[in-house]
Each structure stands twice: as C-alpha cells, then as structure tokens.
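Read through the structure below, which is laid out as structure tokens, and then see the notes.
There are 2 protein chains.
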Amino acid sequence: MEKLREGGFLITKIRQLSQQIFNNLLKDYNLNEISAAQGRVMFPLWQKDNISFQELKRKALLSKATLSYMLDKLEEAGHIKRIRSEEDKRTINIKLTKKNKVLQEKYFQVSNKMNEIFYKDFSEKEINEFEGYLRRLLDSLIQVSKENKLKNI
Amino acid sequence: MEKLREGGFLITKIRQLSQQIFNNLLKDYNLNEISAAQGRVMFPLWQKDNISFQELKRKALLSKATLSYMLDKLEEAGHIKRIRSEEDKRTINIKLTKKNKVLQEKYFQVSNKMNEIFYKDFSEKEINEFEGYLRRLLDSLIQVSKENKLKNI
DNA sequence: AGATATTTGTTCTATATCGAACGTTCTATA
DNA sequence: TATAGAACGTTCGATATAGAACAAATATCT
C-alpha cells in the first residue's frame with residue numbers, strides 16, 4: 366500500500382484560500398478596482414514597463430488566450446495600453462498608464478500585508494526552505510510541460 | 366528594502382501547471398469523462414460514500430455554490446446521486462453510482478502517475494518536509510479565513 | 001517572386017470558481 | 001402556536017482560466 370500523497374490537493378486549496386484572503390485585503394484597502402489576478406499581470410510591468418506580449422506571457426505564465434482577455438480588462442479599466450509594434454505588426458507592447466502608477470504603491474502595501482499573513486507561522490529559515498521547494502517544483506513542472514508541448518509556457 | 370516573497374505567485378503557477386498536466390494525463394488514459402476538479406469532489410466520496418453536502422463541502426474545501434454546480438455536472442454525467450434527507454428536508458446526501466465505481470480504479474492510476482511526476486525531483490525525506498510545510502500553511506490560512514468569516518470554509 | 005508554412009494575438013466556447021440573492025425548511029422565541 | 005430568524009442548497013452574475021479555430025503578418029523554401 367503506497368503512501369497517500371496529497372501535494373496537488375494541498376496546493377490547490379492553499380491557492381484558493383490565498384486568493385480569497387488577498388481579494389478581501391484589496392477590498393479592505395479600498396483597492397476594489399483591481400483583483401489579485403490583475404495584479405499578477407501588472408506585477409511584471411511594474412518591474413519593467415513597456416514589454417512585449419510574449420515577454421509578459423512568459424513572466425505571468427499565462428496562456429495567450431488568458432493574457433489577451435486580461436489585457437482587455439486592464440485596458441478597459443484604463444490601467445494599460447496596447448501599442449502595436451512598427452517593426453513587426455503582429456506583435457504588441459504593453460505600457461502602463463499614469464492612472465496605474467498611483468495604484469502601484471497601494472498594491473504593494475497589500476501585497477506585503479498578504480505575505481505577512483501567508484507566512485505568519487513560519488520563521489525566516491523555514492520560508493527560505495519552503496520557497497526553495499516551491500521554486501524547484503515549479504521548474505520541474507515547467508520542464509514536464511515543455512516536454513509534453515503544453516501551450517501556455 | 367524588504368526581501369521580495371513570492372510564495373503566492375509560485376503556488377498559483379504550480380497549481381495551474383499541475384492541473385494542466387493532470388488533465389492531460391486523464392486524456393492519455395482515456396479518462397475524458399472526468400476532470401481534475403471533478404476528481405477532487407469525488408475523492409472524499411471514494412473514502413466514504415453517502416456523506417452529507419456539508420461534509421463534502423468541508424472535505425473538498427469548496428463554497429456551497431461551487432459544490433452545487435459540480436454536483437450538477439457529476440449527476441448529469443451519472444457519477445453521483447443527490448438524496449434528499451428524510452429527517453431534515455433541507456439537507457441532501459451524496460451517493461456514488463455503480464458507473465462511478467468503475468472509474469475509481471483508473472483514476473487512482475492517473476493520480477499515482479501524477480504524484481510520480483509531481484515529485485520526481487524530490488527524495489522521500491524532502492516530500493515529507495515539503496508536504497509538512499504545505500499542511501501547516503493550509504491550516505494557518507484556514508484559520509485566517511475563519512477569523513475573517515470567509516464563506517467557503 | 002510566388003507559394004507554403006509559421007507566428008502572433010484575438011475570439012469563441014467551455015470549465016471552475018465565488019459572492020449575493022433567493023425560496024424552502026427547520027428552530028427558537030414571544 | 002404563530003412568527004421571526006437561521007440554515008440549507010440552488011440560481012444568477014461575474015471573473016479567471018485554457019484549448020481550438022481564426023485572420024493577419026512574417027518567414028521560409030523552391
């Protein structure tokens with residue numbers, strides 16, 4: 366009788382709860398205009414503005430269908446602008462708007478608060494170890510995905 | 366300058382990839398009729414059949430809205446049956462059908478295969494340590510959710 | 001140069017998820 | 001015992017997600 370592993374289930378549930386708690390925090394901080402998922406799309410842009418669709422897709426680890434949809438939402442809400450490239454007219458670049466830059470700082474506050482909650486029962490050493498595992502696992506899964514030609518990598 | 370933590374992002378992405386890989390495995394094993402999410406709902410039932418909506422909700426960690434929706438799907442597909450309780454007519458019990466019991470074994474095969482892939486770069490000791498962290502984290506988040514009266518706990 | 005193949009981002013369809021509003025049934029209270 | 005309140009599961013509306021099909025643009029091959 367093999368030992369029952371449940372990493373997948375645990376991860377799924379942790380993610381669900383975190384998302385809910387995070388969205389709740391956003392509400393508490395009056396950041397209703399932005400969701401956790403939208404934050405994840407903007408995060409790479411906050412680190413480097415004006416990047417290509419492909420780069421953003423890679424950083425946010427989303428399928429192109431999802432990213433396109435999220436960009437629709439963000440553009441409607443006035444957070445980003447799509448800019449068609451001149452050299453290759455198939456491609457677009459994504460730029461933050463001024464409106465967005467105001468949000469950024471507030472979002473970071475929430476993000477920090479979230480990390481506090483997330484790791485409140487963990488020591489520094491444990492966090493490092495845990496995130497080390499997570500990173501190894503993610504890399505390994507990305508590898509598997511590539512081998513199986515899954516699309517959204 | 367605070368150290369940048371990214372547990373939330375890592376977890377979200379690990380979960381996304383696992384889900385895709387898992388759904389792909391289900392396809393490979395000709396288990397098209399069931400999805401990863403459906404499996405997660407049936408898993409508690411495989412351990413103990415004929416449990417209440419509330420117990421299943423607790424075990425699967427889903428909101429009642431989502432569970433109701435998933436039960437619709439599973440009932441349509443002939444995997445489960447809702448049974449209205451006689452004592453308390455508000456409540457229902459969930460029962461597996463014969464059809465489902467055939468699936469179960471196949472599903473476990475896929476599940477084991479998934480665990481193999483998931484942990485292929487981890488030693489036994491590391492898996493135990495990692496899942497220990499995950500369980501602690503999940504418990505801690507459940508605690509936070511309760512304190513904030515989030516609904517789907 | 002022209003034909004074919006590939007790449008890019010969008011759109012369509014389906015799934016899973018949640019919160020809020022709802023009707024039904026049970027419980028407690030006045 | 002009648003009624004107000006609570007609990008239960010469903011339904012509705014919205015969000016985030018991916019795969020497949022698509023049109024436009026570019027690259028490759030003969």
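Protein sequence lines correspond, in order, to chains A and B.
Numbering of the first sequence is given in the working numbering, commencing with residue 366 and proceeding in unit increments.
Numbering of the second sequence is given in the working numbering, commencing with residue 366 and proceeding in unit increments.
We treat Cβ as the ideally placed atom computed from N, Cα and C, and that holds for glycine.
From the DSSP output, in three-state form, read off N395 (chain B) for me.
coil
G497 (chain A) classed as buried or exposed, judged by whether at least 16 other C-beta atoms fall within 10 angstroms
exposed
List, in chain order, every chain A residue whose beta-carbon is nearer than 7 Å to that of L502 (chain B).
I379
Hey, quick one: how far does the alpha helix (DSSP H) through R501 (chain B) stretch, first residue to last?
489-512
Against chain A, does M479 (chain B) count as a neighbour if the rule is that its beta carbon must be under 9 Å from one of theirs?
yes
Residue interval of the alpha helix (DSSP H) (run including R405 (chain B)):
401-412
In chain A, which residues lie less than 7 Å from D437 (chain B) when you measure between Cβ atoms?
The premise fails here: D437 (chain B) is roughly 20 Å from chain A at the closest Cβ pair, so nothing lies under 7 Å.
V475 (chain A) touches chain B at which residues, Cβ-Cβ below 8 Å?
Neighbours of V475 (chain A) on chain B: none; closest Cβ ~11 Å, over 8 Å.
Under 8 Å, with one C-beta from each stretch per pair, do the stretch 445-455 of chain A and the stretch 396-409 of chain B reach the 3-pair mark?
no
Please tell me whether E420 (chain B) has its Cβ less than 9 Å away from any Cβ of chain A.
no
DSSP beta-bridge partners for I459 (chain B)?
B:I416, B:R447
Would you call the CB atoms of T330 (chain B) and Q384 (chain A) closer than 9 Å?
This structure leaves residue 330 (chain B) out entirely; chain B is present only between 366 and 518.
Which residues in the same chain as K406 (chain B) place their Cβ atom closer than 8 Å to its Cβ, once the five residues preceding and following it in sequence are excluded?
One detail in the question is off: residue 406 (chain B) reads as Val in this sequence, not Lys. Result list for V406 (chain B): L421, A425, L427, L432, M435, L436, L439, in chain order.
Between the stretch 437-454 of chain A and chain B, which residues of the former have CB atoms less than 7 Å from a CB of the latter, in chain order?
none
Same chain, Cβ closer than 6 Å to L410 (chain A), five either side skipped, listed in chain order:
L461
Closer than 8 Å by beta-carbon distance: list the chain B residues that pair up with R405 (chain A), in chain order.
F374, T377
Assign Y434 (chain A) to one of three DSSP states: helix, strand, or coil.
helix
Evaluate the contact criterion for the stretch 480-493 of chain A versus the stretch 480-493 of chain B: three or more CB pairs, one atom per stretch, below 8 Å.
no
Using the beta-carbon of each residue, which ones in chain B are nearer than 7 Å to K485 (chain A)?
S505
Look at the Cβ atom of I386 (chain B), then the Cβ atom of M479 (chain B), and state whether they are nearer than 9 Å.
yes
Contact list for I482 (chain A) against chain B, beta-carbon separation under 7 Å:
V509
Mapping DSSP to helix, strand and coil, what is A360 (chain A)?
Because chain A is modelled from 366 through 518, residue 360 (chain A) falls outside the range shown and cannot be assessed.
Please state whether DSSP places E481 (chain A) in a helix, a strand or coil.
helix
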